[in-house]
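Below is one structure, written out as structure tokens; the observations come after it.
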Amino acid sequence: TEPSSVKDEL
Amino acid sequence: MNVFRFAGDMTHLISILVLLLKIYTTKSCSGISLKTQELYAVVFVTRYLDLVTDFISVYNTVMKVVFISSSLAIVWCIRRHKVVRRSYDKELDTFRHWLLVGACAVLALVVHEKFSFQEVCWAFSIYLEAVAILPQLVLLQRSGNVDNLTGQYVFFLGAYRAFYILNWIYRYYSEQHFTRWISCVSGIVQTALYADFFYYYFISWKNNSKLQLPA
Chain A
57 TEPSSVKDEL
Chain B
20 MNVFRFAGDM THLISILVLL LKIYTTKSCS GISLKTQELY AVVFVTRYLD
70 LVTDFISVYN TVMKVVFISS SLAIVWCIRR HKVVRRSYDK ELDTFRHWLL
120 VGACAVLALV VHEKFSFQEV CWAFSIYLEA VAILPQLVLL QRSGNVDNLT
170 GQYVFFLGAY RAFYILNWIY RYYSEQHFTR WISCVSGIVQ TALYADFFYY
220 YFISWKNNSK LQLPA
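Chains as they are written, first to last, in my numbering: chain A, 57 to 66; chain B, 20 to 234.
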């Protein structure tokens, strides 16, 4: 699970 | 990626394509708020600062480039295009949108996930996007009648964030670490701002009548 800091949403 | 988020991104893309179609085919931007378009350009530029630093996926990068370039192109068209700029409702589009920018900047400095330049900019862009439609809705209320393409533009723009709310609910239950309160609360506020427009849009669609917003 990627850390929540990575913003994978547009 | 889940179906709600993909549907939201596609709806968002459609809203931009509808706007570009309107400006390109009618060579007119009547009924379009330049201030909302400028706010969206700021939203995309401040949100996608990681465009060159973090590679998430081809889809993510392509969509970011499309959103940034289309929003800047639309602002350029309304400001500079020799034909389109003539139809800009300058005297109706008088919302003081820099106040929104200031308020969102202050809020982002107070409420953010981490105190770093990129995170504060990201929170700023999330807050600003929630209120970016206000100048456009005010302009539509003042001009009263809404032409089809503009109505569809605002409808798709509002619908995309509603899909994102479903996406956040889905991710909340399917991913143990997923909490994006800033996005969720801001997204709910954003969708709520469209609520009255949706209501009048649905009524006009049901009665097959022209969309009239109460002045």
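Note that beta-carbon positions come from the ideal geometry of N, C-alpha and C, so glycine has one too.
- 175(B) is the residue among 185(B), 175(B), 200(B), 182(B) whose C-alpha sits nearest the C-alpha of residue 36(B).
- A residue is called buried once 16 or more other Cβ atoms fall within 10 Å of its Cβ, and residue 27(B) is buried on that count.
- The CB of residue 83(B) comes closer than 9 Å to the CB of 66 in chain A, given here in chain order.
- About 29 Å separates the Cβ atoms of residue 70(B) and residue 114(B), ruling out a contact at the 8 Å cut-off.
- Taking C-alpha positions only, residue 140(B) is separated from residue 226(B) by approximately 43 Å.
- Interface flag for residue 141(B) against chain A is set, since a Cβ pair is found closer than 8 Å.
- Rounded to whole angstroms, the separation of the alpha carbons of residue 53(B) and residue 21(B) is 33 Å.
- Counting only residues of its own chain and dropping the five nearest sequence neighbours on each side, residue 59(B) has a CB closer than 6 Å to the CB of 90, 151.
- Per DSSP, residue 65(A) lies in no alpha helix (DSSP H) and is assigned neither H nor E.
- Its Cα nearest to that of residue 31(B), the residue 86(B) stands out among 73(B), 86(B), 44(B), 49(B).
- Assignment of residue 195(B) by DSSP, reduced to helix, strand and coil, places it in the coil class.
- Residue pairing by DSSP puts residue 231(B) in a beta bridge opposite 164(B).
- Look at residue 50(B) here: in three-state DSSP terms it is coil, with no helix or strand label.
- The C-beta of residue 192(B) has fewer than 16 other C-beta atoms within 10 Å across all chains shown, which makes the residue exposed.
- The region 39-57 of chain B makes contact with the region 101-119 of chain B, as at least three CB pairs between them are under 8 Å.
- Interface residue (Cβ-Cβ distance to chain A less than 8 Å): residue 180(B) is not classified as such.
- In summary, residue 195(B) is exposed, with fewer than 16 beta-carbon neighbours lying within 10 Å of its beta-carbon over all protein chains present.
- For residue 23(B), the nearest beta carbon of chain A is not closer than 8 Å to its own beta carbon.
- It is roughly 19 Å from the alpha-carbon of residue 173(B) to the alpha-carbon of residue 109(B).
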